[in-house]
Amino acid sequence: MGSELERRIDQGSGREPADIVLRGGSFLDLVSGGLISGDVAICGDRIVGTCESYEGRTEIDVSGQVLVPGFIDTHLHIESSMVTPFEFDRCVLPRGVTTAICDPHEIANVLGATGIRYFLDCAQQTVMDVRVQLSSCVPATHLETSGARLDIEDLLPFRGHPKVIGMAEFMNYPGVLAKDPTCMAKLEAFQGGHIDGHAPLLRGKPLNGYLAAGIRTDHETTTADEAREKLSKGMHVLVREGSVSKDLDSLIPIITERFSPFIALCTDDRNPLDIAEHGHLDYMIRHAISRGVEPLAIYRA
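For the sequence shown, position 279 (counting from the first letter as 1) is numbered 1273 according to the numbering used here, and the numbering increases by one without interruption.
As structure tokens, then:
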């Protein structure tokens, strides 16, 4: 048997049967917005063939169904849903959520580095792809009482972990603008990598200063006007609809084909009851379409 790469080439080119073939359905083309009929061939954990007919070792009839890419929740705290990562996986994976970008901030507030280590251990065992961003503000500000404190020296040992993709939401935006030494040490360490933002109502020159620190995203945007300013300045806006914070309706005007490459969807936490009764990211997609958003725009996001 050849390498995994060789297997993909053979199965994608049709020289060998694919591991799995989804037959008889159509899939949403996120470039054109059209529905394309044809088989989907899968080798291991990769899609290797579309738009053609394939033979498979396992074939699944999806006639009459429309296939779409897996959903990515771009910002959440799994522990705020009051379940373990494994139970969260069981709750949302059947609803199409295949990736969750997690900030274990709440458990880190209680347990510090031990809590982050627990999440990283879980992330290597879940079916869903759980990616972890290192909690940047534990505690969130110096005014809070927490069970732990995480300085840059506590975070650096985790930076090279295969499940770590960057630094989580930098909530202490006043500290960033004031060039607080603790904030600066964390920002300097992650320059050139991904740093998540948290910038409620931050506008004008203060927003420019915050962006100059290398911070790339914001999930705290609550109006379309605020979103447009952040988008025009190069910030990606994460449209949030959780159990507590609900911004989807107010941000409907920016969910367009023009803006969709620069926005994404997140929950920033939905409780299990809301997930069971209404859904997760699938709820956001259905609701946006019911409000007149073009399917291509919301699925691209």
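Heads up, the beta-carbon is just placed ideally off N, CA and C, and yes, glycines get one too.
| said: Quick check on V1104: does DSSP put it in helix, strand or coil? | reply: helix
| Going by alpha carbons, who is nearest to P1011 out of G1050, I1036, A1035, T1068? | G1050
| Quick one, are the C-beta atoms of L1242 and T1215 less than 9 Å apart? | No, these two residues do not count as a Cβ contact at 9 Å.
| field | Beta-carbon proximity of M1229 to L1201, cut-off 9 Å | value | yes
| Residue closest to C1085, alpha-carbon to alpha-carbon, out of E1138, C1177, D1023, N1265 | N1265
| field | Distance CB(V1124)-CB(I1066) smaller than 9 Å | value | The Cβ-Cβ distance between V1124 and I1066 does not fall below 9 Å.
| query | Do D1268 and R1089 have their C-beta atoms closer together than 9 Å? | reply | no
| query | Can you check whether the CB of V1126 is closer than 9 Å to the CB of H1155? | reply | yes
| message | I'd like the list of long-range same chain contacts for G1187, defined as Cβ closer than 6 Å, with 5 residues on each side in sequence excluded. | response | Sequence-distant partners of G1187 (beyond 5 residues in either direction) whose C-beta falls short of 6 Å from its own C-beta, in its chain, are G1160.
| said: Could you tell me the alpha carbon to alpha carbon distance between R1040 and L999, rounded to whole angstroms? | reply: 10 Å
| DSSP puts R1017 in a beta bridge; with which residues? | For R1017, which the question treats as bridged, DSSP gives the partners D1055.
| message | Does the contact criterion of 3 or more C-beta pairs under 8 Å hold for the stretch 1189 to 1198 versus the stretch 1216 to 1227? | response | yes
| request: Name, in chain order, the residues that DSSP records as bridge partners for A1012. | output: G1050, per the DSSP bridge assignment.
| request: Taking only the alpha-carbon atoms, compute the straight-line gap between F1080 and R1002 and give it to the nearest angstrom. | output: One C-alpha to the other measures close to 30 Å.
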